[in-house]
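The opening residue of the sequence shown carries number 35 in the numbering used here; numbering runs sequentially from there. This report concerns only the one structure given below.
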Amino acid sequence: MKGLMMDYPLTVTSLMRHVAAQHGASEVYSLTVENPAHRTTYAEIFRRCARLANALRRLGMKEGDRVATMAWNDYRHMELYYGISCMGGVLHTINPRLFPEQLQYIVNHAEDRFLFSDPLLLPLLEKLHADFPTVEAHVLLSSKQAMPESSVPNLISYEELIEGESDSFDWPALDENTASSMCYTSGTTGNPKGVLYSHRSTILHTYASGLSDAININSTDSVLPVVPMFHANSWGVVYCAPMVGARLVLPGPKAGDPEALVAMMNSERVTTALGVPTVWLGLLNYLEATGQHLETVRDLVVGGAACPRSMMVDFEERHGIHVIHAWGMTEMSPLGSVNAPTASTGGMDAEAKLHQQLSQGRAPYGVEMRLVDDDGGELPRDGKAVGRLQVRGSWVAHGYYRAEESALEDGWFDTGDVASIDPEGFMRITDRTKDLIKSGGEWISSIELEDVAMAHPAVAEAAVIAMPHAKWSERPLLIVCLKEDAAVDADTLLAWFEGKVAKWWIPDAVEFTDELPHTATGKVSKLKLREQFAAAG
Ligand code: AMP
């Protein structure tokens with residue numbers, strides 16, 4: 035027997051309607067190149083979304099078309115979020131820090147028809163636009179007056195594009211499984227892979243993010259996503275803050291500038307801010323050096339890489355700010371787990387509490403986790419057994435855009451992380467099976483670095499592992515075994531990488547060894563290398 039409740043599709047459009055009706059007057063502050071303190075409201079943003087949708091329809095945009103953005107966190111980017119998805123298009127947020135070849139691959143693979151870029155990224159666009167043949171129109175997120183001279187043909191300003199368009203748009207009634215946005219994630223080898231979110235997955239993720247045991251925000255909060263809007267929808271906050279009516283404070287191009295962030299956090303009375311450890315470390319150092327305080331921040335959400343113990347202690351004890359440690363992946367929209375205490379946490383001593391708080395936290399309803407050994411056998415949730423972390427749930431990808439095969443093993447998505455889970459559900463990441471290094475929130479492929487090293491005539495075998503790093507979370511360490519009678523020093527070997535990979539990918543150091551440890555299947559054992567070289571960092 036079927037229930038007799040309405041079939042009310044979970045769409046970003048219904049979220050937009052809700053926000054306009056309930057929280058239309060809530061403010062959105064943005065810092066942009068043109069304006070250090072732009073203020074608007076959700077209601078105004080949605081009116082401009084309608085103008086944008088009318089303009090895109092005029093340009094011939096159809097449902098399902100991909101529309102790309104290369105932009106920082108500001109109100110215009112937010113208009114693109116809602117305007118594109120709600121008209122049935124796919125918002126494709128691009129990380130401008132990727133290599134030119136990756137950007138070229140991504141735009142062509144997604145077959146983006148339109149590209150909206152921040153003015154600060156114009157030099158990049160000028161170099162690359164000819165490699166984007168599917169892009170029919172380039173739009174610069176700028177006013178007409180501030181439009182720079184450019185070699186990009188027919189570059190149009192955003193304000194000019196939407197000028198004169200109607201404030202109303204007949205938003206289509208979308209099926210909730212319609213694709214709403216996409217984000218490419220780097221793989222260990224080969225090309226980036228497209229994760230395609232749906233309206234339904236986005237809305238369910240938004241509900242879960244707002245829970246008090248998740249990022250815990252409500253209509254009295256001012257929320258600052260330092261995490262970029264091109265990193266898994268800035269962890270969903272661009273949907274969740276409006277849903278609950280919280281104010282949004284958007285740092286534009288200043289996300290990596292501690293001085294600007296502290297000034298903004300204090301003047302805009304920010305209560306919750308979200309970002310990767312590298313950002314918070316810069317901010318802690320700045321607070322220390324200047325003697326300033328964060329006057330209103332209650333919660334800092336730290337994710338994307340493990341929160342270092344010293345960072346948690348500093349924020350909690352010296353600044354009185356609660357740290358919420360979260361874990362997730364682009365493939366998980368991205369929320370996978372969040373650290374919030376349980377009833378039994380209260381009875382723990384300070385050290386046990388801190389140890390628990392440093393774990394990656396518990397899965398909200400909507401995400402299931404399991405640990406498996408190398409043969410696929412399920413491991414106990416006893417806080418001791420360590421295995422491959424697999425997930426499934428309403429906002430977890432089951433495949434990648436235009437990839438034939440499923441991304442699942444036996445119905446589960448393998449995260450490439452290695453973890454334990456305790457009886458209360460607290461998950462703790464201990465290692466990674468994927469050959470990637472996460473430096474300052476961005477990925478470096480160990481395999482690509484190994485390929486470059488192995489191409490050196492003196493190198494017999496090479497391996498690259500992640501070493502913990504105070505500022506960047508992780509940095510690559512190159513370990514090489516030289517050919518018999520060959521000689522090369524560390525500086526020469528590191529110089530070999532120049533021009534072959536991005537500068538920030540080049541390993542920090544080289545260790546020479548007579549032999550690399552191998553697994554039973556003949557692969558270099560990264561686990562053994564990490565143990566062996568633990569002291570090198
Ligand atoms: P991305 O898809 O770029 O968001 O990267 C997801 C990956 O980042 C995860 O699979 C982990 O390897 C890593 N990661 C994210 N959050 C954390 C965390 N809190 N602690 C440790 N690793 C993390």
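Virtual Cβ for every residue (Gly too), placed ideally from N, Cα, C. Values in this document were obtained by computation on a predicted structure and should not be read as measured data.
| Query | Result |
| --- | --- |
| Glycine 421, DSSP secondary structure in three states | strand |
| Short Cβ contact (8 Å threshold) for glutamate 68 with serine 177 | yes |
| Histidine 356 Cβ short of 7 Å to ligand 1 heavy atom set | no |
| Inter-residue CB distance, glutamate 360 and serine 371 (contact presumed, cutoff 8 Å) | One point to set straight first is that residue 360 is alanine, not glutamate, in the sequence displayed. Indeed, because the Cβ distance is near 7 Å, the residues count as touching under 8 Å. |
| Where glycine 270 falls, given that 16 or more other Cβ within 10 Å makes a residue buried | buried |
| Run of the beta strand (DSSP E) containing valine 101, from where it starts to where it stops | 100 to 104 |
| Start and end residues, alpha helix (DSSP H) containing tryptophan 314 | 311 to 324 |
| Between the CA atoms of histidine 552 and leucine 258 - distance to the nearest angstrom | 46 Å |
| Ligand 1 heavy atom lying under 7 Å from the CB of isoleucine 471 | no |
| Cross-strand partners of cysteine 515 (DSSP beta bridge) | Glu495 |
| Bounding residues of the beta strand (DSSP E) (the contiguous stretch that carries aspartate 451) | 446 to 455 |
| Secondary structure of tyrosine 63, DSSP reduced to three states | strand |
| Rounded distance between the beta-carbons of isoleucine 463 and alanine 374, thought under 8 Å | Not quite, the Cβ-Cβ distance comes to about 17 Å (not below 8 Å), so this is no contact. |
| Of the residues Thr236, Tyr109, Met488, the one placed nearest serine 48, counting alpha carbons only | Thr236 |
| Rounded straight-line distance, which links the Cα of proline 153 to that of histidine 111 | 12 Å |
| Per DSSP, cross-strand counterpart(s) of phenylalanine 546 | Val514 |
| Near ligand 1: isoleucine 463 beta-carbon under 7 Å from a heavy atom | yes |
| Lysine 227, DSSP secondary structure in three states | strand |
| For serine 428, the first and last residue of its enclosing beta strand (DSSP E) | Premise fails: serine 428 is in no beta strand (DSSP E) and is neither H nor E. |
| Alpha-carbon to alpha-carbon, threonine 75 and valine 62 | 5 Å |
| Alpha-carbon spacing of valine 493 relative to leucine 563, whole angstroms | 17 Å |
| CA-to-CA distance, valine 357 to serine 202, given in whole angstroms | 42 Å |
| Near ligand 1: histidine 359 beta-carbon under 7 Å from a heavy atom | yes |
| Backbone CA spacing between threonine 547 and valine 514 [nearest angstrom] | 6 Å |
| Assigned exposure category for leucine 38 - 16 Cβ within 10 Å defines buried | exposed |
| Pair within 8 Å by beta-carbon distance, threonine 306 and aspartate 348 | no |
| Exposed unless 16 or more other CB atoms sit within 10 angstroms - verdict on proline 414 | exposed |
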